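**Student:** One structure follows; several queries about it will come next.
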Amino acid sequence: MEKELKINNTASFKEKLWIGIPVVLLVGLLFTLIYKHHAEFSWDGFVAGFNQEFLVFFAIGVFAQLVDGTLGMGYGATSTSFLLAYGVPPVMSSTAVHVSEMFTTGASALSHHRFGNINKKLVRHLLIPGVLGSITGAYLLSDVINGDVIKPFIAVYMIILAVIIIRKALKKNIVKKKTKKLGALAVFGGFMDSVGGGGWGPIVTSTLLGRGRNPRYTIGSVNAAEFAISFASGITFMLFGGIHGWQVIIGLILGGVFSAPLAAYLVNKIKRKPMMVAVGVLIILLSLKTLSKLL
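If you read the sequence shown in our numbering, its first letter stands for residue 598, the second for the next number, and so on.
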């Protein structure tokens with residue numbers, strides 16, 4: 598009886614950690630940001646930034662999180678494509694997306710946990726390799742790579758991600774296969790996500806779904822792991838590149854947090870294939886618009 602009680606207490610403690618760790622990290626991050634950038638977070642600073650552009654960034658955050666939370670992919674690709682098409686510079690876009698994702702993926706992870714959509718073993722396999730890949734990519738983009746030079750390459754990369762999303766949506770018969778080299782997949786997904794401003798979901802989720810994994814638990818688990826990946830890359834961007842474009846960041850955060858619970862609820866309610874095709878086509882159009890401006 599006593600042994601059984603200890604096991605139950607241990608299991609209960611572990612369950613609380615799945616909620617407690619994201620909450621503590623998010624609250625700590627929020628207070629750190631407010632302390633270091635109090636002028637931007639003051640009421641006057643917030644009101645001054647609340648204009649038509651802010652509403653555009655808020656709408657992008659809502660839409661991107663709805664896409665990501667229901668499909669398990671597309672937040673970075675969707676929001677980065679919109680931001681680049683709107684004229685936001687690459688480094689600012691990637692920084693804004695990853696800092697906002699620190700909050701939106703936290704809200705998404707908690708929401709998916711609440712609805713029982715998480716395979717904890719899968720999350721553990723993806724976590725550390727994904728974090729290492731994302732830190733490397735964020736450091737290179739912040740301190741080594743010129744954002745203006747890689748802007749066309751990012752647009753092309755977004756088109757490739759969109760094609761992957763559409764291809765996975767149109768694939769009919771998926772035979773379940775054992776997924777090998779999860780660590781390598783997570784490293785590559787985390788690296789490309791940081792450098793390109795998106796890619797964790799299209800690379801990792803699409804690969805796992807393509808091997809016949811259960812959509813509900815795959816989407817929930819990849820979203821939960823993405824919180825750590827976004828947190829690591831966001832902190833790296835802060836340390837090496839600083840933070841610029843608070844209006845973009847706050848708009849994306851508020852929009853994403855607003856729609857995260859709805860997205861987690863809708864994960865099994867919507868038809869995935871038509872939405873995946875629509876999102877893929879949208880990303881292609883936005884990326885082509887960005888390329889046309891550059892050329």
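We treat Cβ as the ideally placed atom computed from N, Cα and C, and that holds for glycine.
What you are looking at is a predicted structure, and each value in this text was computed from that prediction instead of being measured.
Looking at the unbroken alpha helix (DSSP H) that takes in Met699, where does it start and where does it end?
**Tutor:** Pro687 to Arg711
**Student:** Nearest to Pro799 by alpha carbon, out of Trp843, Gly703 and Ile761?
**Tutor:** It is Ile761.
**Student:** So, does the stretch 849-862 touch the stretch 720-732, judging by three or more C-beta pairs under 8 Å?
**Tutor:** no
**Student:** Take every Cβ of the stretch 669-684, pair it with every Cβ of the stretch 707-719, and state whether three or more of those distances are shorter than 8 Å.
**Tutor:** no
**Student:** Report the residue from Tyr814, Leu779, His695 and Lys778 whose alpha carbon sits nearest the alpha carbon of Gly831.
**Tutor:** Comparing Cα positions, the closest option is His695.
**Student:** Under the rule that 16 or more other beta-carbon atoms within 10 Å means buried, what is Ser690, buried or exposed?
**Tutor:** That one is buried.
**Student:** To the nearest angstrom, how far is the alpha carbon of Leu719 from that of Gln649?
**Tutor:** 41 Å
**Student:** Using C-beta distances below 8 Å, list every residue in its chain close to Val659, excluding the 5 sequence neighbours before and after it, in chain order.
**Tutor:** Gly852, Gly853, Phe855 and Ser856.
**Student:** Assuming Gly780 and Ser731 are in contact, meaning their beta carbons sit under 8 Å apart, how far apart are those beta carbons, in whole angstroms?
**Tutor:** The Cβ separation is near 14 Å, so there is no contact.
**Student:** Skipping 5 residues on each side, what residues in its chain have a beta carbon closer than 6 Å to that of Leu885?
**Tutor:** none
**Student:** Out of curiosity, what's the CA-to-CA distance linking Val653 and Ile816?
**Tutor:** In this structure, the straight-line span from the alpha carbon of Val653 to that of Ile816 is close to 27 Å.
**Student:** Roughly how many whole angstroms lie between the Cα atoms of Leu738 and Thr804?
**Tutor:** 25 Å
**Student:** Measuring alpha carbon to alpha carbon, tell me which of Tyr672, Val685, Arg711 and Arg721 ends up nearest Glu698.
**Tutor:** If we check each option's Cα against that of Glu698, Tyr672 comes out closest.
**Student:** What is the C-beta distance between Asn714 and Tyr814, in whole angstroms, given that I count them as a contact (C-beta under 8 Å)?
**Tutor:** Their Cβ separation, rounded to whole angstroms, is 6 Å, which keeps Asn714 and Tyr814 in contact under 8 Å.
**Student:** What is the rounded straight-line gap between the Cα of Phe824 and the Cα of Phe700?
**Tutor:** 8 Å
**Student:** For Arg808, name the three-state secondary structure that DSSP assigns.
**Tutor:** coil
**Student:** Looking at the secondary structure, which residues open and close the alpha helix (DSSP H) in which Gly848 lies?
**Tutor:** Trp843 to Leu863
**Student:** Ignore the nearest five residues each way along the sequence and tell me which others in Leu602's own chain have a CB closer than 6 Å to its CB.
**Tutor:** With a pLDDT of 48 at Leu602, under the threshold of 50, the predicted position of this residue should be treated as unreliable, though the coordinate-derived value follows. Taking C-beta separations shorter than 6 Å and ignoring five residues to either side along the sequence, Leu602 has no partners in its chain.
**Student:** Out of Val792, Ala693, Arg711 and Lys866, which one is the CA nearest neighbour of Gln844?
**Tutor:** Ala693
**Student:** Per DSSP, what kind of secondary structure is Lys866 in: helix, strand or coil?
**Tutor:** coil
**Student:** Can you have a look at Leu668 and say buried or exposed, based on whether 16 or more other CB atoms are within 10 angstroms of its CB?
**Tutor:** Leu668 sits buried, since 16 or more C-beta atoms from the chains shown fall within 10 Å of its C-beta.
**Student:** Under DSSP, the alpha helix (DSSP H) around Ile657 begins and ends at which residues?
**Tutor:** Gln649 to Leu668
**Student:** At the level of alpha carbons, what is the spacing between Leu859 and Phe712?
**Tutor:** Going by the C-alpha atoms only, they are around 11 Å apart.
**Student:** Since Val819 and Thr802 should fall inside the 8 Å C-beta cutoff, what is the C-beta to C-beta distance between them, to a whole number of angstroms?
**Tutor:** 5 Å
**Student:** From Lys894 to Leu782, what does the alpha carbon distance come to, in whole angstroms?
**Tutor:** Because the chain spans 598 through 892 in this model, residue 894 falls outside it and cannot be assessed.
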